[in-house]
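Under this note's numbering, think of the first position of the sequence shown as 4, with each following residue one higher.
Here is the structure we will look at.
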Amino acid sequence: MTAPLPYLKMNGLGNDFVVLDARAQKIALSQQQIIAISDRANGIGCDQLIVMEPDTVDGVDVFMRIYNAEGGEVDACGNATRCIAALVAEELGSNSATIRTNAGILAANVAGDIVTVDMGVPRFAWDQIPLAEPFSDTTGIELQIGPIDKPLLHTPSVVNVGNPHAIFWVDDLDIHDLAKFGPMLENHPIFPERANVTLAQVLADDRIRVKVWERGAGLTLACGTAACATAVAAARKGLTGRKATIELPGGPLDIEWRAADDHILMTGPWTLDGKGFIPPTLLGEDAA
């Protein structure tokens, strides 16, 4: 790659991204290059690296490819979707954009710095999440850490909203060290594709406070799909209604699990933090 590689730095509630535009010219990065760019100490630093690609599906404006900081590709990222929707809508001179990811096609409406994304229909069957063994009721599966008679965390709700999520319900969010338990839970054998792990404290019938350990990224200030998963799981358990504000460390997201068609609507802000060029030292000899 001889030409300088421009990037945008964006975030949704502190969940931050390096965004590359490959619509005019293909960008191929190795896992090592993605890790180097994502590294906060020696690279640009981000939770996810996003590549915008052309799409040939009718009605789709852009394909969004998503890599976690560890270099692996994932299928969905709600906060990144809001950022990319805002960029594309501005380019089109429109208040809407349609984005395709590996998880499907997402429609977004843009109103300044606030974007609403239709995240589609959640999946609850054990083999859709997926889990390593059958569970007939995914509102709470048999999984716990700590002593059998007094577990620290137990009986998570599980749901797939483009990626697998496990939500543990707690009475006090602040007494649990998610940084300690997150890696073990993410990689638990029950989750063959690993999982995003959320601790959720219900504050009211329309408000939930959460902390999130994101698969492949670790503790994060915000995770849009985790907010969607938490809201849906809470409604299924009767802990909240179908509309709830999810309070993440980076700020709130408003989630509606629409009764008419079971689609999840996620509303929240996006921010452009800056722009620049990827230093050649981070690309090495493998860029193409």
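Glycine included, each C-beta is placed from N, C-alpha and C at the ideal position.
Within the same chain, show all residues whose beta-carbon is closer than 6 Å to that of residue i, passing over the 5 residues directly before and after it, in chain order.
i    : result
G74  : Q34, I37 and I38
R239 : T142
D257 : T248 and T270
L285 : A39, I40 and G46
L23  : Y10, I30 and V54
D152 : none
Just to confirm, is the Cβ distance from residue i to residue j under 8 Å?
i    : j    : result
T243 : V205 : yes
T233 : T201 : yes
V54  : A89  : no
H168 : N199 : yes
L3   : L95  : Residue numbering for the chain in the displayed model covers 4 to 291; residue 3 lies beyond these limits and cannot be assessed.
I102 : D64  : yes
I47  : I40  : yes
I211 : E259 : no
P133 : E76  : no
F280 : P9   : yes
N82  : G241 : no
Under the assumption that residue i contacts residue j (Cβ atoms under 8 Å), give the Cβ distance between them as a whole number of angstroms.
i    : j    : result
D78  : N190 : Contact doesn't hold; Cβ gap of about 18 Å is too wide.
Q51  : C80  : 6 Å
W172 : A135 : Contact doesn't hold; Cβ gap of about 22 Å is too wide.
N71  : G219 : 3 Å
P159 : I144 : 6 Å
I170 : A236 : 5 Å
Can you check which of these residues, the options, is closest to residue i by C-alpha distance?
i    : options                   : result
D264 : G48, T59, D116 and R245   : R245
A247 : L285, D208 and F280       : D208
I267 : F184, G185 and N163       : N163
R26  : N14, P282 and E56         : E56
M67  : R43, V213 and N105        : N105
S139 : D61, A230 and V161        : V161
M13  : S97, C49 and M187         : C49
G62  : F127, D174, S99 and R126  : S99
R292 : C231, V213, L188 and P252 : No answer is possible for residue 292: the residues shown for the chain start at 4 and end at 291.
L146 : L176, E217, D174 and L188 : L188
L176 : P150, V213 and P154       : V213
Apart from the five residues on each side of it in sequence, which residues of its chain come closer than 7 Å, Cβ to Cβ, to residue i?
i    : result
P137 : W129
F184 : I148 and L156
D58  : V65, F66 and R103
A182 : L222
P7   : F280
Quick one: what's got a C-beta closer than 8 Å to residue i's C-beta in the same chain, skipping five residues either side?
i    : result
P272 : G15, L16, R85, D116, I117, V118 and G254
P192 : A135
Is the number of C-beta pairs between the stretch 210-229 and the stretch 13-20 that are closer than 8 Å three or more? The stretch 210-229, when compared against the stretch 13-20, does touch it at the 8 Å Cβ threshold.
Okay, do the stretch 104-111 and the stretch 120-128 touch, 3+ Cβ pairs below 8 Å being the bar? In short, these stretches touch, since the Cβ pair count reaches three.
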